[in-house]
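Student:
Numbering (mature numbering (1 follows the signal peptide of the UniProt record, and there is no 0)), first residue to last: -22 to -1, 1 to 358.
(1) State the Cα-Cα distance for the pair residue 162 and residue 103, rounded to the nearest angstrom.
(2) Tell me which same chain residues have a C-beta within less than 6 Å of the C-beta of residue 303, skipping the five on either side of it?
(3) From residue 232 to residue 208, what distance separates their C-alpha atoms?
(4) Could you check which residue in 9, 46 and 15 has the C-alpha nearest to that of residue 185?
(5) Please determine, among 30, 21, 46 and 13, the residue with the shortest C-alpha to C-alpha distance to residue 308.
(6) Taking only the alpha-carbon atoms, compute the straight-line gap between residue 150 and residue 179 and give it to the nearest angstrom.
(7) Would you kindly work out how many angstroms separate the C-alpha atoms of residue 247 and residue 211, rounded to a whole number?
(8) Is residue -2 buried or exposed, if buried means 16 or more other CB atoms sit within 10 Å of its CB?
(9) Quick one: residues in its chain with C-beta nearer than 8 Å to the C-beta of residue 346, no 5 flanking neighbours on either side, listed in chain order?
(10) Give me the Cα-Cα distance between residue 23 and residue 322, rounded to the nearest whole angstrom.
(11) Please tell me whether residue 226 has its Cβ less than 7 Å away from any Cβ of chain B.
(12) Can you tell me which residues form a DSSP beta bridge with residue 346?
(13) Got a sec? Which residues, its chain only, sit under 6 Å from residue 9 by beta carbon, not counting five neighbours each side?
(14) Three Cβ pairs or more, each shorter than 8 Å: is that satisfied between the region 285 to 295 and the region 21 to 36?
(15) Tell me the rounded alpha-carbon separation between residue 110 and residue 222.
(16) Where in the region 183 to 249 do unbroken runs of the beta strand (DSSP E), each at least 3 residues long, occur, reported from the N-terminal end onward?
(17) Kindly indicate which residue of 176, 358, 91 and 348 has the alpha-carbon position closest to the one of residue 119.
(18) Going by Cα to Cα distance, which pick from 95, 227 and 262 is closest to residue 137?
(19) Would residue 75 pass as a contact of residue 5 if the rule is Cβ separation under 7 Å?
(20) Any idea which residues DSSP pairs residue 274 with across the strands?
(21) Can you say whether residue 83 is buried or exposed, counting buried as having 16 or more other CB atoms within 10 angstroms of its CB?
(22) Can you have a look at residue 343 and say buried or exposed, based on whether 16 or more other CB atoms are within 10 angstroms of its CB?
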């Protein structure tokens, strides 16, 4: 009896050790620009991924009967295509089982080939460039609407709802900026025969001085200026428009449609002058789910959601759901399930078409009142 009692703690310890070893670690990669001009958006995305993984682990999920633990490899692409492909290769070499990201189209598109060649599924929470899902890769997905819908809808709205006739267009020469600007022009021209594109100018995603192009645009006296790019450029551009006395309305896509835009544009510059759109939308019946997420995010990070954190959260949860349904975290085994997934997220029902685009993707139009981003309407 003494012999058995003396060795009982060892037996218990070995049992716990065996249980711990049986826990499978599932490694997910997340990529966003957490440095550079869009760092505030990248950090927002990263926070969404962290929230999802923490909540998954708190649930004690099992796959194929075994307890699993989700971990994140967090990488920074700086919004730069070269850095984006470098970190993509790093994630492949680390043998991650799935990737959430990237934020920018210009980094997500070249990285997608690296993930595809390695057989690793990629869900982007923010990439809108139409080309992303038209490369013939069966492993790329997005949970937001693409530029064809985003830009096209904004173009039609400008003409049909705002009565715009003369439009100046500026883009930042990135894959995203050019893409959304081109689709906006198509949508505006399709919506109205009398629409004039009176100026088509370009800048860069790191520019700070827009005096030359804005002086040219001012001479054309447009009703509206459309900007294809991110808020880090779109805000200062609006500030300089106001300083030059350009009284045109201002419109842009999701990249500039952030809580930070009024601060970047200067006091009062954005008020009642801006219409922008997020490449996603929550219909009224799902608003409570989104409100609950926003409240949890605020409590956890003591910060407001900037833009795409809820879509990152849904991307992680959707990938995890596919693994659970496939009873495997191996990419080759859960990818076919991911292609046919139906997952109810905080942003809506996540389902993909044959190319990996979100089915029935919505858009949300916003304006700014009293320096606050204010929802106008959700368009399906």
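Quick reminder that beta carbons are idealized off the backbone N, C-alpha and C, glycines included.
Tutor: Quick answer:
(1) Within the model, the alpha-carbon separation for residue 162 versus residue 103 is close to 21 Å.
(2) 315
(3) 8 Å
(4) 15
(5) 46
(6) 9 Å
(7) Going from the Cα of residue 247 to the Cα of residue 211 covers about 14 Å.
(8) Because residue -2 carries a pLDDT of 47, less than 50, the predicted location of this residue cannot be relied on, and the following value inherits that uncertainty. With fewer than 16 Cβ atoms within 10 Å of its Cβ, residue -2 is classed as exposed.
(9) 239, 240, 248, 249, 250, 251, 252 and 352
(10) 19 Å
(11) This model lacks chain B altogether; it includes just one protein chain.
(12) 351
(13) 53, 55, 65, 79 and 80
(14) yes
(15) 37 Å
(16) 202 to 206 and 227 to 230
(17) Restricting attention to 176, 358, 91 and 348, the CA atom closest to the CA of residue 119 is found in 91.
(18) Looking at the Cα atoms, 227 is the closest of the given residues.
(19) A contact, by the Cβ cut-off of 7 Å.
(20) Partner(s): none; residue 274 has no beta bridge.
(21) buried
(22) buried
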